[in-house]
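Per the numbering used here, the sequence shown starts with residue -8, numbered consecutively.
All C-beta atoms in this analysis are idealised placements derived from N, C-alpha and C, irrespective of residue type, glycine included.
Nothing here was measured: the structure is a model prediction, and the numbers come from that model.
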Amino acid sequence: MTSSRAAEKSGRFVLRMPPALHAALGAAARANALSLNAYCVRQLEAGAIGAAGDRDASALITRARDVSGDALSAVALHGSWARGDAARASDVDALIVVDSTLALNRGLYRTWDERPTTWRGRRVDPHFVHPPPKGRTSGLWAEVALDGIVLFDRDWALSAALTRIRRAIADGHLVRRVVHGQPYWTETG
């Protein structure tokens, strides 16, 4: 026997999490002048409406998690599709950030290739990387900071790193140059 009362939810939900995540959520809530509860509800709603409500985003994140397991830290789109200048035959570049405990090797790509995924009808080309270093910044990270679309960020570390890189660009410490038609990024000191 089912009743409409059985389908109703109370609105109360208890969740266990690592203490470091609890502390990070608390700090983010304070920074946004919200209670921890209100902040978490806002984040859950954003996820449910955003990536979780988008089939392609959900499929990409799920596939990245299938390949990298608990080491998955973040997923971001970058390259020509994210910039809005993809050609008809262009693929979609996906940056799959994994903890440094997971070795970056061809096995990750072989596993991905067993069941590739698509984004808006285009083939996804995965790029498995470790988090960006705090010191020097490569051209890849500068490009992602400018044009990347973050779909998943487990602990907000990628978003924080991209913000740091954008600040370096805005302050003129990291500049894009072109030599013989080839762009590259360099630090100015």
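Requested in this report: Please classify E(-1): does DSSP put it in a helix, a strand, or coil?
Outcome: Here the question's residue -1 lines up with position 8 in the sequence shown. In the three-state scheme derived from DSSP, where H, G and I count as helix and E and B as strand, E(-1) is classed as coil.
Query raised in the report: How long is the line joining the alpha carbons of Y175 and R106, rounded to whole angstroms?
Result: Along the sequence shown, read from residue 1 onward, the residue named residue 175 stands at position 184. Along the sequence shown, read from residue 1 onward, the residue named residue 106 stands at position 115. For Y175 and R106, the distance between alpha carbons rounds to 33 Å.
Requested in this report: Would you decide whether E178 is buried or exposed? Buried here means 16 or more other CB atoms lie within 10 Å of its CB.
Outcome: Position 187 of the sequence shown, counting from 1, holds the residue named residue 178. Around the beta-carbon of E178, fewer than 16 other beta-carbon atoms lie within 10 Å, marking it exposed.
Query raised in the report: Which runs of the beta strand (DSSP E) fall wholly inside the region 79 to 131 and span at least 3 residues, in chain order?
Result: Whole beta strand (DSSP E) segments, 3+ residues: 83 to 89 and 113 to 120.
Query raised in the report: What is the rounded straight-line gap between the Cα of A148 and the Cα of V120?
Result: The residue given as residue 148 occupies position 157 in the sequence shown. The residue given as residue 120 occupies position 129 in the sequence shown. Distance from the CA of A148 to the CA of V120, rounded to the nearest whole angstrom, comes to 14 Å.
Query raised in the report: Any chance the region 113 to 131 sits against the region 81 to 96, with 3 or more Cβ pairs inside 8 Å?
Result: Yes, they touch.
Report task. Work out the CA separation of D45 and A161 for me, nearest whole Å. Result -> For this step, residue 161 is matched to residue 170 along the sequence shown. For this step, residue 45 is matched to residue 54 along the sequence shown. Cα to Cα, A161 sits roughly 32 Å from D45.
Query raised in the report: Which term fits V169, buried or exposed, when burial requires 16 or more other beta carbons within 10 angstroms of its beta carbon?
Result: What you label residue 169 is simply residue 178 of the sequence shown in a count that begins at 1. Taking all protein chains shown into account, V169 has fewer than 16 neighbouring C-beta atoms within 10 Å of its C-beta and is therefore exposed.
Requested in this report: Kindly indicate which three-state DSSP category D144 falls into: helix, strand or coil?
Outcome: For the purposes of this step, residue 144 is taken as residue 153 along the sequence shown, with counting starting at 1. The answer is strand: DSSP assigns D144 an E or B state.
Query raised in the report: In this structure, does DSSP put P10 in helix, strand or coil?
Result: On the sequence shown, residue 10 is found 19 positions in, with the first residue counted as 1. Three-state DSSP puts P10 in a helix.
**Report entry** Own chain, CB closer than 7 Å to V135, minus 5 neighbours either side, in chain order
**Finding:** Looking up residue 135 in the sequence shown gives position 144. Taken in chain order, the residues that qualify are A67, H69, L86 and L153.
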